[in-house]
Amino acid sequence: MALHDHAPAERKRIQKNLKRRRKTLGAKIHPDSKGGRTVASVARSTAYFKLEAGRRATAKRLSGQKATTQAQLRARQPKPPAKP
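Here's what the structure looks like:
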């Protein structure tokens, strides 16, 4: 049922709803609604952002760990050789 099959007041309400839902979902909800994005395109971008967020989290975690310098490694006591 296309938008122009409705009464003007009803049409306005429907359009408002579509607009709101398009904003939140960023997806095409109604086959007649122009604009907005397809569900697939939204899925692609959310997947990408999730990946990126994961990468950022990992990077943050790794940067938090202080890297041991060569000098620190040299200062450590050498391990005694394993006895056969």
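Each residue of the sequence shown is one higher than the one before, starting from 300 at the first, in the working numbering.
No residue lacks a Cβ here, since even glycine has one placed at the ideal position from N, Cα and C.
If you're wondering where the values come from, they're calculated on a predicted model, not measured in any experiment.
ask   = CA-CA distance, K318 and E351?
value = Residue mapping note: residue 318 aligns to position 19 of the sequence shown, counting from 1. Residue mapping note: residue 351 aligns to position 52 of the sequence shown, counting from 1. About 28 Å.
task = Can you tell me which of the three DSSP states R375 falls into?
result = Mapped onto the sequence shown, residue 375 falls at position 76. In the structure shown, R375 sits in coil (DSSP, three-state: anything other than H, G, I, E or B).
query = Which value, in whole angstroms, describes the spacing of the CA atoms of G353 and A339?
reply = In the sequence shown, counting from the first residue as 1, residue 353 sits at position 54. In the sequence shown, counting from the first residue as 1, residue 339 sits at position 40. When rounded, the distance between both Cα atoms is 21 Å.
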